[in-house]
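If you count the sequence shown from 1, you need to add 312 to reach my numbering.
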Amino acid sequence: MDALFKKMNNLKVLPSLLIFARVAKEQSFTEAAKQLGMSKSAVSQQVKRLENHIGQQLLSRHTRGMSLTTTGRQLLNRCELLQDQVELVLQAVDSSKNTPSGVFAITTPHSCEKDIVIPALNQLCLEFPDIEPRLLVSDEMQDLIKNKLDVALSFGELKDSQYRALPVSTVQEILCASSLYMQKNGPINNLADLEKQRWIPAPWQRAGVAVYERGDNPKKHELKVKFAASTNTMPTTVEMVSHGMGMALLPLFVVQTQLATGQYRHILPEYSGRQWPVYMVHRFQNDKPIHVTRFYELLKHFFAKAGH
């Protein structure tokens with residue numbers, strides 16, 4: 313009976329979760345209230361009710377506005393998925409489309425396979441159990457029609473093609489090395505020190521490595537570096553760096569876990585590598601199938617969660 317009562321209480325806060333997500337995304341009670349068609353006080357009460365239910369503060373209010381607490385950030389990730397699912401249900405009912413089924417063929421670079429694409433596919437299959445994902449992992453861009461693919465995840469500016477492209481995210485390269493490498497080789501304090509290091513290039517960096525000073529007008533610096541080893545896949549590059557074979561310039565989302573655990577160190581944060589736009593390319597000319605739209609939403613969610 314207690315468990316049933318708790319579940320019923322949890323159901324009562326569903327509107328509060330969706331309202332909190334809107335406030336958190338807009339960073340404003342006023343703007344959220346306007347979009348939701350509610351009064352500002354009603355929105356504030358819903359967020360307060362949610363905080364009381366959870367027993368933790370979700371928003372820190374200060375003179376410059378507001379910010380999310382650690383619990384608030386974690387909850388927002390969950391709420392965004394919930395919000396997408398609600399919109400998807402309504403969209404499915406409104407369009408009266410059949411439940412998607414059959415093969416859903418995707419290609420992705422190695423760098424996105426583990427933390428982005430597979431979690432997105434897992435969630436997609438929970439929502440559309442008749443979908444059969446087929447995943448081709450390759451760092452080479454694949455032709456969708458020739459390879460009978462529905463969707464491709466692509467990094468960098470796109471060439472003109474017959475396919476449609478939707479922006480997913482932007483990723484940033486950072487300088488990093490394993491703690492093991494730093495213990496062996498000592499501190500790195502400037503660009504001259506970078507050129508003395510052993511390097512593991514990412515697959516696209518074999519022609520050379522360049523970094524940019526952070527700021528409004530970033531200055532580019534071409535580095536004269538020595539490659540200690542090289543490979544054709546991102547996971548192998550990360551493993552080589554993890555074993556202390558050299559330092560690297562890698563996308564932040566790829567090494568977020570290693571940085572959080574202290575296995576990697578962020579070197580010279582005042583410099584960074586290129587910024588890469590990420591696109592979902594698809595072959596559908598008119599309305600996209602509902603599961604393709606949902607996959608796009610999930611890709612954006614998991615890129616944001618990965619801390620790109």
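Using N, Cα and C, we set each Cβ at its ideal position, and we do this for glycine too.
These numbers were taken from a predicted model, which means no experiment stands behind them.
Item, Value
"Exposed unless 16 or more other CB atoms sit within 10 angstroms - verdict on residue 611", "buried"
"Through-space distance from residue 565 to residue 425, alpha-carbon basis", "12 Å"
"The region 485 to 497 in contact with the region 561 to 579 per 3-pair CB rule at 8 Å", "yes"
"Under the three-state DSSP convention, the category residue 593 falls into", "strand"
"Residue 530 burial status per 10 Å Cβ neighbour count (16 or more: buried)", "exposed"
"Beta-carbon proximity check, residue 604 vs residue 464, cutoff 8 Å", "no"
"Separation of residue 554 from residue 534, as counted between CA atoms", "25 Å"
"DSSP beta-bridge partners of residue 287", "The chain is shown only over 313 to 620; residue 287 falls outside these bounds and no answer can be derived."
"Exposed unless 16 or more other CB atoms sit within 10 angstroms - verdict on residue 438", "exposed"
"Where residue 379 sits in the DSSP three-state scheme", "strand"
"For residue 458, the three-state DSSP class (helix, strand or coil)", "coil"
"Endpoints, alpha helix (DSSP H) assigned at residue 617", "602 to 617"
"For residue 413 and residue 703, the rounded distance between their alpha carbons", "In the structure as shown, the chain begins at 313 and stops at 620. Residue 703 is therefore absent and cannot be evaluated."
"Beta-carbon gap between residue 325 and residue 371 smaller than 8 Å", "no"
"Uninterrupted alpha helix (DSSP H) stretches inside the region 562 to 591 (no shorter than 4 residues)", "568 to 573"
"Distance CB(residue 417)-CB(residue 462) smaller than 8 Å", "yes"
"Check whether residue 420 and residue 588 have beta carbons under 8 Å apart", "no"
"Counterpart residues of residue 479 in DSSP-defined beta bridges", "591"
"One or two residues paired with residue 449 in a DSSP bridge", "420"
"For residue 485 and residue 563, believed in contact at Cβ under 8 Å, the rounded distance", "6 Å"
"Test item: CB-CB of residue 488 and residue 567 under 8 Å", "yes"
"Residue burial classification, residue 498 (beta-carbon count within 10 angstroms, cutoff 16)", "exposed"
"Limits of the unbroken alpha helix (DSSP H) element including residue 330", "326 to 338"
"Which of helix, strand or coil DSSP assigns to residue 385", "helix"
"Of the residues 440, 550, 473, 340, the one placed nearest residue 378, counting alpha carbons only", "340"
"CA-to-CA distance, residue 364 to residue 586, given in whole angstroms", "44 Å"
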